Amino acid sequence: MKPDINIVDVAQAAGVSIATVSNVMNGKGRVSVATRQKIEKIIAELGYSPNLTARNLKTKRSDLIGLVVPTMQPGRLQDNPFYWDLLAGVEEGARDRKFHIILAGIDESTETFSFVKERRLDGVIVVGANEGSQAVDRVLEMGLPAVFIDSYLADPKLLQVYLEDRKGSCRATRYLIEQGHRRIALLIGDIPLERIAYYGVLYERWLGYRDALDEAGIAYDPKLMIKLPTSLEGGYQAADRLTEMGDVTAIFSFSDVSAMGLLKRLRELGKGVPRDYSVVGFDNLFMSNYTSPSLTTVAQNILEKGQEAVRMLLDQIDGNPIVKRQVALPVELIVRETTGAPPV
Numbered sequence: 000m001k002p003d004i005n006i007v008d009v010a011q012a013a014g015v016s017i018a019t020v021s022n023v024m025n026g027k028g029r030v031s032v033a034t035r036q037k038i039e040k041i042i043a044e045l046g047y048s049p050n051l052t053a054r055n056l057k058t059k060r061s062d063l064i065g066l067v068v069p070t071m072q073p074g075r076l077q078d079n080p081f082y083w084d085l086l087a088g089v090e091e092g093a094r095d096r097k098f099h100i101i102l103a104g105i106d107e108s109t110e111t112f113s114f115v116k117e118r119r120l121d122g123v124i125v126v127g128a129n130e131g132s133q134a135v136d137r138v139l140e141m142g143l144p145a146v147f148i149d150s151y152l153a154d155p156k157l158l159q160v161y162l163e164d165r166k167g168s169c170r171a172t173r174y175l176i177e178q179g180h181r182r183i184a185l186l187i188g189d190i191p192l193e194r195i196a197y198y199g200v201l202y203e204r205w206l207g208y209r210d211a212l213d214e215a216g217i218a219y220d221p222k223l224m225i226k227l228p229t230s231l232e233g234g235y236q237a238a239d240r241l242t243e244m245g246d247v248t249a250i251f252s253f254s255d256v257s258a259m260g261l262l263k264r265l266r267e268l269g270k271g272v273p274r275d276y277s278v279v280g281f282d283n284l285f286m287s288n289y290t291s292p293s294l295t296t297v298a299q300n301i302l303e304k305g306q307e308a309v310r311m312l313l314d315q316i317d318g319n320p321i322v323k324r325q326v327a328l329p330v331e332l333i334v335r336e337t338t339g340a341p342p343v
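Quick note: the sequence shown uses numbering that gives the first Met the number 0, first residue 0, plus one each step.
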């Protein structure tokens, strides 16, 4: 790279204004395809690279956004590919707008969010923060642009992206009922059931499960709730609980990852799926089609969720009009091999 090349040289070589070159490099403004391609070619030929430090000092922006995952569960980020896909969607959306991502898994009980100021983040995307959590309070106290994913926060002013979780859960449970199942266990996560209303996504999915039971005239039985971590190990342990329940013939897991651990242990116990138990997951992770048998699941577009959150956040950072503050993405039931009629 030639150190003396600057944006003026690029503009002169392209025969355009400095503002046009700046718009191309920042992905902003209206620039024709031909002009954009010409400028990009000249930038490559001249070996021009902008001085990001100088630009950030001038604009008072870092072009960095944080993806924050509040967690008290060791291994939560590594164990669940949901977060890999979400990060990929966020990174892709940010890259299109010339921003970069910092991933932070935090312990809410000790985290002061000092990293936000230390890195001079322009905004944050917070995943799975529950109503009244310290993560929400601290983000709001900083007054930083923020978008919340899968949080179901009550404040209508907050920017949020989530799923039609209740509809998806209802559809999955209804499908099991349509297959003839009446006693359907629920692998709900490691939470106190009496406080489930504070756990946004889990609460919405629990409501959907109950909606389907009510439609079919089936009484809700809290004894069918299996409260174990949303992880491979949690699902693995759930299989032993399931086999002790006697008349249960199906189980709905709020996570594909847990369902995969469940399938492994059921196979070890000599239980057939769907011969002895039908199993449904949630997420449609890429591995769910490769389990044996392949997993029936509620599908969501995790990449789109990440991209939508970035779009909302960067529009907020750039001062663009916010058309919708809450976006609910659709879900779809994908029927595969882990579901069927109950044993006779």
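The beta carbon of each residue, even a glycine, is placed where N, CA and C say it ideally should be. Computed from a predicted model, the values in this text were never measured in an experiment.
query                                                                                                                                                                                             : result
Can you tell me whether DSSP reads GLU203 as helix, strand or coil?                                                                                                                               : helix
Whole angstroms is fine: what's the gap from GLN325's alpha carbon to GLU331's?                                                                                                                   : 20 angstroms
Per DSSP, which residues does VAL123 bridge with? Please list them.                                                                                                                               : GLY65 and ALA145
Could you check the C-alpha separation between ALA10 and LYS27 for me, to the nearest Å?                                                                                                          : 16 angstroms
Buried or exposed for LEU158, please, with buried defined as at least 16 other CB atoms from any protein chain shown within 10 angstroms of its CB.                                               : buried
Could you check whether the stretch 138-146 touches the stretch 165-172, counting it as contact only if at least three pairs of C-beta atoms, one from each stretch, sit closer than 8 angstroms? : no
Where does THR19 sit, in a helix, a strand or coil, going by DSSP?                                                                                                                                : helix
Using the Cα positions of TRP205 and ARG266, report the straight-line distance between them to the nearest angstrom.                                                                              : 27 angstroms
Taking C-alpha atoms, which residue in LEU313, ILE301, ASP314 and PRO342 lies nearest to ALA87?                                                                                                   : ILE301
Provide the residue(s) that pair with TYR161 in DSSP beta bridges, ordered along the chain.                                                                                                       : ALA327
Report yes if the CB atom of ALA218 is closer than 8 angstroms to the CB atom of ILE176, and no otherwise.                                                                                        : no
Whole angstroms is fine: what's the gap from ALA13's alpha carbon to ASP317's?                                                                                                                    : 27 angstroms
Look up PHE281 in the DSSP assignment and say whether it is helix, strand or coil.                                                                                                                : strand
For TYR313, I'd like the list of residues in its chain whose CB is within less than 7 angstroms of its CB, leaving aside the five on either flank, ordered along the chain.                       : According to the sequence displayed, residue 313 carries Leu and not Tyr. Only ARG96 and PHE98 meet the Cβ criterion.
Using 8 angstroms as the Cβ pair cut-off and three pairs as the minimum, do the stretch 113-131 and the stretch 287-294 touch?                                                                    : no
By how many angstroms is the C-alpha of GLY127 removed from the C-alpha of PHE253?                                                                                                                : 14 angstroms
Is DSSP giving ALA238 helix, strand or coil here?                                                                                                                                                 : helix
If you reduce the DSSP assignment to three classes, tell me which class SER254 lands in.                                                                                                          : coil
Count the other C-beta atoms from every protein chain shown that fall within 10 angstroms of the C-beta of GLY46, then say buried if there are 16 or more, exposed otherwise.                     : exposed
Rounding to the nearest angstrom, what Cα-Cα distance links THR295 and ALA171 in this structure?                                                                                                  : 9 angstroms
What residue from ALA340, PRO341 and MET311 has the CA that sits closest to ALA93's CA?                                                                                                           : MET311
Mind checking whether PHE281 and LEU185 have CB atoms under 8 angstroms apart?                                                                                                                    : no
If I measure Cβ to Cβ from LEU231 and keep anything under 7 angstroms in the same chain, skipping five residues before and after, which residues do I get?                                        : ASP78, VAL256, MET259 and GLY260
Roughly how many whole angstroms lie between the Cα atoms of ALA238 and TYR202?                                                                                                                   : 22 angstroms
Which class does LEU313 belong to by DSSP, given the choice of helix, strand or coil?                                                                                                             : helix
Around the C-beta of GLN36, are 16 or more other C-beta atoms found within 10 angstroms, so that it is buried, or is it exposed?                                                                  : exposed
Helix, strand or coil for ALA294, going by three-state DSSP, please let me know.                                                                                                                  : Correcting the residue identity first, residue 294 is Leu in this sequence and not Ala. The answer is coil: DSSP assigns LEU294 none of H, G, I, E or B.
Just grab the DSSP bridge partners of ILE42 for me.                                                                                                                                               : Paired residue(s): none; ILE42 is not in a bridge.
Rounded to whole angstroms, how far is the Cβ of LYS270 from the Cβ of THR248, which I believe are closer than 8 angstroms?                                                                       : Actually they are not in contact, since the Cβ atoms of LYS270 and THR248 sit about 11 angstroms apart, beyond 8 angstroms.
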